[in-house]
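Those letters in the sequence shown? Residues 168 to 594, per our numbering, in order. First the structure, in the form of structure tokens, and then the observations on it.
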Amino acid sequence: MNNTSSSDLSTLKAVVACALPFLIILVFYVIFEPENARTSFIEMLQGLSFRRATRWTRFTRHRSAFGPFSLPKAITSYDQYLETSLENITAMRNSYSRIIWSHKHVGYELGYPEKLKQAEHVVKLNAEVTRGIVDLARSELSEHPHCNTPYVQTDLGRVQESLKHFVRDWSEEGAQERGRIFEPILNVLKDVPVEQRGGMKVLVPGSGLGRLAWEISELGFNTTAIEFSYFMTLGMRFLCSPQKTLNVNQHTIYPYANWFSHTRNNEDLFRGIPFPDAVPRFGRNLHLIEGDFLEYGHADEYDFVVSLFFIDTSLNIISTLQHIHKLLKPAGTWINLGPLLWTSGGRAQLELSLDEVLRLAGMVGFRIEGEEVQDHNGDNHARLDPVSIPSDNKKRRTVECEYTANRLAMMRWLYQAEFWVGTKLKQ
Ligand SMILES: C[S@@+](CC[C@H](N)C(=O)[O-])C[C@H]1O[C@@H](n2cnc3c(N)ncnc32)[C@H](O)[C@@H]1O
């Protein structure tokens, strides 16, 4: 009897000893790094069960299965948009209700409770769009093994960000913001004679809601948009769907209502933005790949790669530039416009300055139009090499621009983005 209980005790001790480090790590993560750690822990568990349950492509398993931009996360987040937004407004109402009675009276005189009601009202209107996105995703992607898998933790922030992208990409309100950044890019492409464009392939990595890719396809190029965030691609599907989007300005969103800061008045805060200002369709000239650019494509396949506000999202900029170089045909053209807003906190493996990015481009095998470049042997190619004299459209320059800005806000964030054109020099 004694022998049995002492062996039970040692087994128990051994189990506790093995489990203890895991328990300590778990408690530490959950208590001290609440949001990120909890999310990534849950995502890790979901990822593990998915790996056991299915065979899926390397890309899907690695990035997309249950990651932050995955289909289940995006669908669940859009699906729960109304509930999570209303929870936020309830938290604001609770906060207001805790002030002393006389202040509450002042708030009432200011119309603050009405303002919260209005916020609820417009969130319900936004939910008509998010519901449409979910319905379409569930019907078009019903074959996807995780189309109906609920996600544990939704991401309201990314849904709100996507709503702002409808303004940037597909509204009259966004025309000015788009104009500044699209024009330099489209002007280079317009230099190609119209009759040659149909035989040329253009790739737009990190295509967001797809307006730039659509504009390029409208010029007559065979254009592929590639984007790994389902928060974006479900939005693009919604726009391109003949079931969901039939007319110009058919839908309206209220994208600024979730953030009361920097507003001059409530009309600005709750204003509706109709979209789309043009009705796009997938077709012979416009294709969407829902996947990772770094794992996509064949060598020497594209005439142009167009990166807009994209290269700085790379965790490894060397891989990104090498991949752009690989996908281009010999003497193919890379058009880039964007800032250098690296993912911070050590997540990006390199965070380079503009000078360094341009030097890297030379090392990878690009000649930046109008620039002195150093190749991988360390040899300089002079700025005035006749081949590298750019047409005006190809001149490297700084473009002051915004990104999903609220035109009427009391705060504006201005980028001094850099535009350049690179030519693939070597294999
Ligand atoms: C800053 S946003 C820019 C979106 C769009 N180009 C624009 O200017 O509106 C960068 C986009 O690139 C996407 N992205 C980042 N890395 C990617 C990759 N490796 N493959 C595909 N998409 C990627 C992100 O999901 C995001 O939508």
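Each residue gets a CB set at the ideal place from its N, CA and C atoms; glycine is no exception. The structure presented is a predicted model; accordingly, all values stated were derived computationally and were not measured.
Taken through DSSP and simplified to helix, strand or coil, N503 comes out as strand.
Residues of the same chain with a CB within less than 7 angstroms of the CB of R514, apart from the 5 flanking positions on each side, are L482 in chain order. Here DSSP, grouped into helix, strand and coil, assigns F442 to strand. At least 8 angstroms separates the beta-carbon of Q320 from that of N433. Runs of the alpha helix (DSSP H) spanning 4 or more residues and lying entirely within the stretch 341-413 occur at 342-357, 361-364, 378-385 and 397-407, in chain order.
Annotation for E394 indicates a beta carbon within 7 angstroms of some heavy atom of ligand 1.
Scanning its chain for C-beta atoms nearer than 8 angstroms, with the 5 sequence neighbours on each side dropped, one finds around V334 the residues E340, G341, I420, P422, I440, F442 and T571, in chain order.
When the five nearest sequence neighbours on each side are left out, the beta carbons in the same chain lying within less than 7 angstroms of the beta carbon of H429 are those of A576, M577 and M578, in order along the chain. With a cut-off of 7 angstroms, the C-beta of T316 is classified as distant from ligand 1, since no heavy atom of the ligand falls inside that distance. Shortest Cα-Cα distance from E287 to any of P235, G532, A424 and W501 involves A424. Remark: the C-beta of F476 is in contact range of ligand 1, defined as less than 7 angstroms to any heavy atom. Ranked by how close their Cα comes to the Cα of S306, the residues S269, S408 and I456 have S408 in first place. Put simply, the backbone Cα of A294 is about 29 angstroms away from that of L475.
Here the alpha carbon of G274 sits roughly 25 angstroms from the alpha carbon of E250. Ranked by Cα distance from G532, the first of L521, H490 and R564 is H490.
Here S396 has F236 as same chain residues with Cβ atoms under 6 angstroms from its own Cβ, once five neighbours each way along the sequence are excluded. Taking C-beta atoms as the reference points, V472 and L494 count as a pair closer than 8 angstroms. Secondary structure at F471: strand, using DSSP grouped into helix, strand and coil. Rounded to the nearest whole angstrom, the CA to CA distance from R563 to E585 is 7 angstroms. Restricting attention to Q363, L308, G458 and L386, the CA atom closest to the CA of G375 is found in G458. For F471, the Cβ stays outside the 7 angstroms cut-off from all heavy atoms of ligand 1.
Bridge partners of E567 according to DSSP: Q583.
About 11 angstroms separates the Cβ atoms of Y469 and I393, ruling out a contact at the 8 angstroms cut-off.
Under the three-state reduction of DSSP output, G537 falls in the coil class, being neither helix nor strand.
Within the same chain, and ignoring the five residues on either side of S384 in sequence, the residues whose Cβ sits closer than 6 angstroms to its Cβ are T390, N452 and L453.
The Cβ atoms of V296 and S244 lie no closer than 8 angstroms to each other.
Beyond the five residues adjoining it in sequence on each side, L581 comes within less than 7 angstroms, by CB distance, of E567 and E569 in the same chain, given in chain order.
P360 sits exposed, since fewer than 16 C-beta atoms from the chains shown fall within 10 Å of its C-beta.
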